[in-house]
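What follows is a short report on a single structure.
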Amino acid sequence: MTKTAIMNHIDAMIQVYVEGDFSAAEQKELKEAFDSAFAQHGDKGAIMTESAFISLLNTKDFLPRTPEGVEAGKIIYASIAYLSTLPFPRYPDGTESPPEGLELNQLERGLQWAIPGGHSHMIAQGGACRERDEMDHLRWIFQSLASITRAEGQSLDDNCSSNHGGDADGDEIFMDLFDVLYTTQDILNLDPSKGVKKEDYRLLAKQFMTEYQIASFSSLTIPTKSFEALVKILLLLQYSSTRSPPRTV
Numbered sequence: 048m049t050k051t052a053i054m055n056h057i058d059a060m061i062q063v064y065v066e067g068d069f070s071a072a073e074q075k076e077l078k079e080a081f082d083s084a085f086a087q088h089g090d091k092g093a094i095m096t097e098s099a100f101i102s103l104l105n106t107k108d109f110l111p112r113t114p115e116g117v118e119a120g121k122i123i124y125a126s127i128a129y130l131s132t133l134p135f136p137r138y139p140d141g142t143e144s145p146p147e148g149l150e151l152n153q154l155e156r157g158l159q160w161a162i163p164g165g166h167s168h169m170i171a172q173g174g175a176c177r178e179r180d181e182m183d184h185l186r187w188i189f190q191s192l193a194s195i196t197r198a199e200g201q202s203l204d205d206n207c208s209s210n211h212g213g214d215a216d217g218d219e220i221f222m223d224l225f226d227v228l229y230t231t232q233d234i235l236n237l238d239p240s241k242g243v244k245k246e247d248y249r250l251l252a253k254q255f256m257t258e259y260q261i262a263s264f265s266s267l268t269i270p271t272k273s274f275e276a277l278v279k280i281l282l283l284l285q286y287s288s289t290r291s292p293p294r295t296v
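Numbering-wise (the working numbering), the sequence shown opens with residue 48 and increments by one.
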């Protein structure tokens with residue numbers, strides 16, 4: 048089982064079950080929007096760059112054509128780009144170079160994590176896997192806006208207080224990876240009667256955490272400047288051109 052195989056499984060599962068979240072018309076609109084804003088990137092094919100994404104949101108009147116609107120677009124794009132990498136999170140300020148753009152499958156993957164309940168296509172619900180709820184969705188949004196600001200000085204076993212699911216290894220980001228590994232493995236999908244145990248994947252999940260230098264949830268914070276920019280953007284979107292500011296008395 049490799050990272051590439053896991054991500055391919057996720058993409059395939061999204062394509063099978065996505066009709067529950069996007070109608071055929073919405074899927075067509077998403078692809079048409081992507082096609083209209085793509086740029087060729089060597090052998091990798093078409094990608095959507097940050098500037099093209101912001102331009103698309105401007106065209107659809109989702110964001111105002113102002114410096115604040117551009118900043119909002121950058122934050123939204125970075126959030127989707129981060130979510131598209133789960134359960135192997137990659138941060139803009141991490142060791143890996145940021146992607147030059149998002150492919151269509153990456154865009155769809157990021158949107159699925161961003162949509163409440165969309166994670167059900169990547170993580171099995173019930174049984175061996177912990178049920179995710181609204182707090183988990185908010186956590187993923189937080190993760191997508193955060194930076195790694197504290198050095199990793201604890202092992203996974205030292206972080207158990209951060210996990211409201213009560214697992215021995217604790218950290219929520221680890222648990223997301225652990226559950227996705229179990230959900231996407233071949234035997235479970237092809238022959239449930241094999242009786243594969245989730246615990247069989249714990250060591251592999253720990254190895255992936257180390258191999259891909261995945262930070263623990265407790266090491267993440269939203270920098271003050273980023274938080275201030277986020278608040279300004281939320282106010283901007285709240286009182287955008289489609290709404291009028293509240294009257295003052």
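Glycine residues also receive a C-beta, built at the ideal position from the N, C-alpha and C atoms. Note that the structure is a prediction, hence the values are computed from the model and not measured.
Proximity to Phe135 [Cα-Cα], best of Ala171, Trp160 and Gly165:
Trp160
Give me the DSSP bridge partner(s) of Gly173.
Cys176
Taking the straight line between their C-alpha atoms, what separation do you get for Leu151 and Met95?
8 Å
Is the beta carbon of Asp226 less than 7 Å from the beta carbon of Ile170?
yes
Alpha carbon to alpha carbon, how far is Trp187 from Phe109?
22 Å
Grab me the residues of Tyr64's own chain with a C-beta within less than 7 Å of its C-beta, minus the 5 sequence neighbours each way, in chain order.
His168
Mind checking which residues open and close the alpha helix (DSSP H) that includes Gly165?
Segment: none, Gly165 is in no alpha helix (DSSP H) and carries neither H nor E.
For Ala193, would you say it is in contact with chain C, using Cβ-to-Cβ distances shorter than 7 Å as the test?
Chain labels in this structure do not include chain C; a single protein chain is all it has.
Supposed close pair Phe221, Met182 - CB separation, criterion 8 Å
Not a contact, Cβ separation roughly 17 Å.
Let me check understanding here. Comparing Cα to Cα, which of Thr106, Asn105, Val117 and Ala193 lies closest to Ser126?
Ala193
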